[in-house]
C-alpha cells in the first residue's frame, strides 16, 4: 500500500530531490526489481564492456589500428617525428609510433583481473548512483576504483614491453638521430609513463563506449537482467 501511495504522489511532485527521495524508498523505483538485482545488472554491464571492448585492445593492432585509442606521439616528440620525415626518415618515424602501441597492447592483458575485482565490489549504493548517473557513470566508477592500481601494474609491464618489442632501442636510435641534427633542441621524454597513461585512457574510453551502447540501445542488453535494470533509466 505504501508503494502504491508513493507512485500516486509522483505526478504532483516536481522537484528532482523529491523524486529522488521516492526512488530511494522503493527498490527498483517500483519496477519490482531489488537493489541486489540492480547491482548485479551493473556488474553484468561492466563485465560485458570489459569482455567485449578491452579484449580487443590486447590483440595485435588493438591500439594501433583503432583511431579512437591509437597512441600518438607526446608533444615533445611530435617535432622529432616531423623533423625525421622532413629529412626522409619516414620508415623510422612510422616504426617508432607502432612500437609504442605494441607496448600498450601488451600491458592491457594485465587489466582484466583488476577490473573483475573492482566490479565485484559494487555496492547497492554504488549501483543506484551509477544507474541514475551520467551515461558513463559506470566507467567513471571503474576509473576511480582501478586507475591507481592499473598504473602500478601497467607501468613496469610497459617498460619491459618497450624493451621486448624493441621500442626502447628504436626510440633511442630515433632520439639520438634527432638530437644529432643541427639546430634542434635536445629531447629525452619519459616514454613508459606516457604510454602507460595513454593506454589507461584508451581502456576507459572503450569501456565507456560499451556502457553508452547498453544505455542507449536495447538490443545491446544481452541478458534479461540487463534489460530489466536499464529499463529503469530509459
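Residue numbers (the numbering used here): 12 to 245.
By construction, the Cβ of each residue, glycine as well, lies at the ideal position given by its N, Cα and C atoms.
Every value quoted in this text rests on a predicted model; they were computed, and no experiment measured them.
Is residue i helix, strand or coil when you go by DSSP?
i           : result
residue 107 : helix
residue 193 : coil
residue 67  : helix
residue 229 : helix
residue 37  : The pLDDT assigned to residue 37 is 38, lower than 50, so where the model puts this residue is not dependable, and the model offers no usable value.
residue 244 : coil
residue 74  : coil
residue 84  : coil
residue 164 : helix
residue 121 : coil
residue 49  : helix
residue 174 : helix
residue 145 : coil
residue 127 : helix
residue 220 : helix
residue 100 : coil
residue 132 : coil
Going straight from the alpha carbon of residue i to that of residue j, what length do you get?
i           : j           : result
residue 37  : residue 244 : Any reading at residue 37 must be qualified, since the residue scores a pLDDT of 38, below 50, and its modelled position is unreliable; the value itself is stated next. Answer to the nearest angstrom: the Cα atoms are 15 Å apart.
residue 239 : residue 111 : 42 Å
residue 223 : residue 192 : 47 Å
residue 202 : residue 146 : 33 Å
residue 64  : residue 80  : 12 Å
residue 123 : residue 56  : 15 Å
residue 72  : residue 210 : 13 Å
residue 183 : residue 197 : 13 Å
residue 229 : residue 148 : 18 Å
residue 187 : residue 86  : 17 Å
residue 127 : residue 217 : 16 Å
residue 99  : residue 90  : 14 Å
residue 233 : residue 140 : 22 Å
residue 97  : residue 166 : 32 Å
residue 101 : residue 204 : 25 Å
residue 142 : residue 88  : 41 Å
Between which residues of its own chain and residue i is the CB-CB distance below 7 Å, once the five residues before and five after are set aside?
i           : result
residue 58  : 130
residue 114 : 169, 172, 173, 176, 178, 206
residue 109 : 75
residue 125 : 157, 160, 161, 164
residue 69  : 116, 119, 120
residue 154 : 215
residue 137 : 152
residue 144 : none
residue 221 : 59, 60, 63, 64
residue 180 : none
residue 77  : none
Round the Cβ separation of residue i and residue j to the nearest angstrom and send it over; I've been treating them as touching at under 8 Å.
i           : j           : result
residue 150 : residue 50  : Not confirmed; about 16 Å, so no contact.
residue 103 : residue 185 : 6 Å
residue 133 : residue 235 : Not quite, the Cβ-Cβ distance comes to about 19 Å (not below 8 Å), so this is no contact.
residue 237 : residue 43  : Not confirmed; about 16 Å, so no contact.
Can the beta-carbon of residue i be found closer than 9 Å to that of residue j?
i           : j          : result
residue 213 : residue 82 : yes
residue 189 : residue 94 : yes
Kindly list the residues whose CB is nearer than 8 Å to the CB of residue i, restricted to its own chain and excluding five residues on each side of it in sequence; keep chain order.
i           : result
residue 47  : 135
residue 92  : 84, 104, 107, 108
residue 227 : 146
residue 208 : 162
By Cβ distance below 6 Å, which residues in the same chain neighbour residue i in space, the five residues on each side in sequence not counted?
i           : result
residue 231 : 224, 225
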